[in-house]
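Visitor: Residue numbers (full-length UniProt numbering), protein chains in the order written: chain F, 1 to 348; chain A, 1 to 101. Beta carbons: idealized from backbone N, C-alpha and C, even for Gly.
Structure below.
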């Protein structure tokens with residue numbers, strides 16, 4: 001794997017080591033059963049202690065509740081946040097979000113026990129998650145159809161890992177690729193980063209699968225930011241965050257598109273964003289601001305919402321662009337768009 | 001090579017230490033960063049410059065004085081909340097041990 005060697009050379013202090021993957025399947029199962037059982041017992045115990053009339057039990061219940069609150073707050077947080085540029089990278093396993101780590105372990109188990117390649121198994125595990133379903137939807141891919149096709153390829157994939165080192169090397173390769181793809185907005189390596197990395201793997205079955213749906217690693221990386229922003233929190237939380245933190249330009253852009261979606265009750269497909277970007281490139285070459293792209297998508301969203309649809313496609317962006325040009329020529333609001341929200345925007 | 005019992009023990013210890021790190025290190029950072037931001041907002045609100053007329057200057061002076069009082073109250077309230085929050089885990093442990101012994 002020449003690319004992998006290249007990646008390794010670029011990140012000399014980075015490595016991947018997850019003790020769970022070094023264990024046998026039986027040992028991983030024991031760890032999982034013991035950890036989950038312990039948490040259930042702990043929660044029940046904390047509740048009983050908290051409700052008890054005995055003083056020492058109550059105060060121990062308070063202490064345990066504090067621990068549980070902390071555990072709940074940090075449940076979806078990686079062991080460490082992604083380092084900034086120039087900072088030492090260390091063990092990449094620390095940057096995996098707990099969900100991404102579970103997906104890797106699940107795919108690893110399936111590849112070991114049931115057979116099939118790790119990459120295909122991981123794609124299957126990830127495609128069942130909500131975030132990847134949304135990613136696919138934004139690309140116009142039917143998740144059920146994608147999963148059905150994936151199952152067919154998985155059935156044909158006769159890879160068996162007699163050599164554990166090869167399987168571990170594939171996991172390591174994928175995590176490195178996902179780490180490479182991380183954007184400025186990412187704080188951890190999540191499911192979407194892994195899926196985008198799977199899209200770039202040079203695996204015959206995967207290439208065929210992704211070609212069938214006309215998607216690739218580049219396209220997937222393009223929609224990762226949308227999923228990451230939507231996944232992180234509600235719009236109101238994002239507004240607070242924006243007020244209190246400096247956000248990267250692409251985060252602002254994605255947030256504004258998600259707000260448009262909520263405001264106009266529409267869903268902006270990735271091809272619409274790409275079309276708007278393309279028009280920006282054509283009309284304002286060298287322009288780095290994403291404001292004109294957002295405005296164009298906003299016009300398209302209003303147009304779509306007024307015609308009673310809820311999906312903004314590239315055609316709608318083209319239509320909004322033409323409407324804008326016609327409006328500039330005539331200096332009037334199109335009659336079909338005479339509603340308060342539209343007037344506010346189109347009437348300026 | 002790691003075995004299951006060693007891994008479980010290491011995770012338990014990691015989570016136990018992690019709780020105190022989150023509570024004291026992470027919590028202190030979040031608490032005081034938020035307090036400083038609130039004070040910064042208050043400064044912007046009360047210390048806004050005004051025109052140069054005497055009435056405006058008197059108004060501005062009163063506003064700054066009132067702002068000083070509000071900021072002091074905010075700092076005082078933050079200190080009280082922070083102390084309570086800082087002492088909550090040891091206090092709960094003390095009460096539990098006190099009741100047992």
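Might you give, ordered along the chain, the residues of its own chain that have their beta carbon closer than 7 Å to the beta carbon of residue 9/A, omitting 5 neighbours on each side?
Guide: Here the set comprises nothing.
Visitor: Determine the contact status of residue 82/A and residue 28/A, defining contact as a CB-CB distance below 9 Å.
Guide: Closer than 9 Å, so yes.
Visitor: Contact criterion: CB-CB distance below 9 Å. Does residue 377/F meet it with respect to chain A?
Guide: No answer is possible for residue 377/F: it lies beyond the span of chain F, which begins at 1 and ends at 348.
Visitor: Taking 9 Å as the threshold (beta carbon to beta carbon), is residue 277/F in contact with chain A?
Guide: No, its Cβ sits nowhere closer than 9 Å to a Cβ of chain A.
Visitor: Would residue 7/A pass as an interface residue toward chain F - the criterion being a Cβ-Cβ separation below 9 Å?
Guide: True, the Cβ-Cβ gap to chain F drops below 9 Å.
Visitor: Do the stretch 9-25 of chain A and the stretch 67-79 of chain F touch if we need at least three Cβ pairs shorter than 8 Å?
Guide: Touching, yes.
Visitor: Below 8 Å, how does it come out for the stretch 294-302 of chain F and the stretch 310-317 of chain F: are there three or more Cβ pairs, yes or no?
Guide: Contact holds: three or more Cβ-Cβ distances are below 8 Å.
Visitor: In chain order, what are the residue ranges of uninterrupted beta strand (DSSP E) at least 3 long that sit wholly in the stretch 14-41 of chain A?
Guide: Fully enclosed beta strand (DSSP E) runs of 3 or longer: not present.
Visitor: Between the C-alpha atoms of residue 318/F and residue 272/F, what's the straight-line distance to the nearest angstrom?
Guide: So the two alpha carbons sit approximately 9 Å from each other.
Visitor: Cβ atoms of residue 123/F and residue 96/F: under 9 Å apart, would you say?
Guide: Against a cut-off of 9 Å, the Cβ pair of residue 123/F and residue 96/F comes out as no contact.
Visitor: Answer yes or no: does any C-beta atom of chain A fall closer than 9 Å to that of residue 264/F?
Guide: It does not: the Cβ of residue 264/F has no partner Cβ on chain A nearer than 9 Å.
Visitor: What is the DSSP secondary structure of residue 15/F, reduced to helix, strand or coil?
Guide: Residue 15/F falls in the strand class under three-state DSSP.
Visitor: Quick check: the Cα distance between residue 47/F and residue 265/F, rounded to an integer number of angstroms?
Guide: The alpha-carbon atoms of residue 47/F and residue 265/F are separated by roughly 42 Å.
Visitor: Compare the Cα-Cα distances from residue 93/F to each of 81/F, 85/F, 163/F and 263/F and report the closest residue.
Guide: Ranking 81/F, 85/F, 163/F and 263/F by Cα distance to residue 93/F puts 81/F first.
Visitor: Ignoring anything shorter than 4 residues or poking outside the stretch 122-149 of chain F, list the alpha helix (DSSP H) runs there in chain order.
Guide: As far as the stretch 122-149 of chain F is concerned, its whole alpha helix (DSSP H) runs of at least 4 residues are 130-138.
Visitor: With 16 other CB atoms within 10 Å as the buried threshold, where does residue 92/A fall?
Guide: With 16 or more Cβ atoms within 10 Å of its Cβ, residue 92/A is classed as buried.
Visitor: Please report the straight-line C-alpha distance between residue 39/A and residue 61/A, rounded to a whole angstrom.
Guide: If I take the Cα positions, the gap works out to 18 Å.
Visitor: If you draw a straight line from the alpha carbon of residue 170/F to that of residue 118/F, how long is it in whole angstroms?
Guide: C-alpha separation (whole angstroms): 7 Å.
Visitor: Can you grab the Cα-Cα spacing for the pair residue 429/F / residue 253/F, in whole Å?
Guide: Because chain F in this structure spans residues 1 to 348, residue 429/F falls outside the shown range and cannot be described.
Visitor: With 9 Å set as the bound, which would you pick, yes or no: does the beta-carbon of residue 113/F sit closer than that to a beta-carbon of chain A?
Guide: Output row for residue 113/F: interface = no.
Visitor: For residue 201/F versus residue 173/F, is the C-beta distance shorter than 9 Å?
Guide: Yes, they are a contact pair.
Visitor: How close, in whole Å, do the beta carbons of residue 321/F and residue 290/F come, if the pair is a contact with beta carbons under 8 Å?
Guide: Wrong, their Cβ atoms sit about 16 Å apart, outside the cutoff.
Visitor: Under a CB-based cut-off of 9 Å, is residue 54/F close to chain A?
Guide: Output row for residue 54/F: interface = yes.
Visitor: Using a cut-off of 9 Å between C-beta atoms, extract the partners of residue 30/F located in chain A.
Guide: Per Cβ cutoff of 9 Å: 4, 5 and 8.
Visitor: Checking the sheet assignment: what are the DSSP bridge partners for residue 189/F?
Guide: Residue 189/F is bridged to 96/F.
Visitor: Could you give the uninterrupted runs of the alpha helix (DSSP H) lying entirely in the stretch 20-55 of chain F, keeping only those of 4 residues or more?
Guide: DSSP runs (the alpha helix (DSSP H)) wholly in the stretch 20-55 of chain F: 25-51.
Visitor: Across which residues does DSSP place residue 311/F in a beta bridge pair?
Guide: Paired residue(s): 267/F.
Visitor: Nearest by alpha-carbon distance to residue 89/F: which of 26/F, 127/F, 324/F and 13/F is it?
Guide: Of the listed residues, the one whose Cα sits closest to residue 89/F is 13/F.
Visitor: State the Cα-Cα distance for the pair residue 98/A and residue 56/F, rounded to the nearest angstrom.
Guide: C-alpha separation (whole angstroms): 8 Å.
Visitor: Rank 110/F, 121/F and 126/F by C-alpha distance to the C-alpha of residue 99/F and give the top, closest one.
Guide: Comparing Cα-Cα distances from residue 99/F to each of 110/F, 121/F and 126/F, the minimum goes to 126/F.
Visitor: Of all the options 34/F, 138/F, 146/F and 217/F, which has the alpha carbon lying nearest to the alpha carbon of residue 226/F?
Guide: The option with the nearest alpha carbon to residue 226/F is 138/F.
Visitor: Assuming contact is defined by CB atoms lying nearer than 9 Å, are residue 105/F and residue 28/F in contact in what I supplied?
Guide: Taking 9 Å as the Cβ cut-off, residue 105/F and residue 28/F qualify as a contacting pair.
Visitor: What are the residues that DSSP puts in a beta bridge with residue 91/F?
Guide: BP columns for residue 91/F point to 15/F.
Visitor: I need the straight-line Cα distance from residue 204/F to residue 217/F, nearest angstrom please.
Guide: Between residue 204/F and residue 217/F, the C-alpha separation is close to 14 Å.
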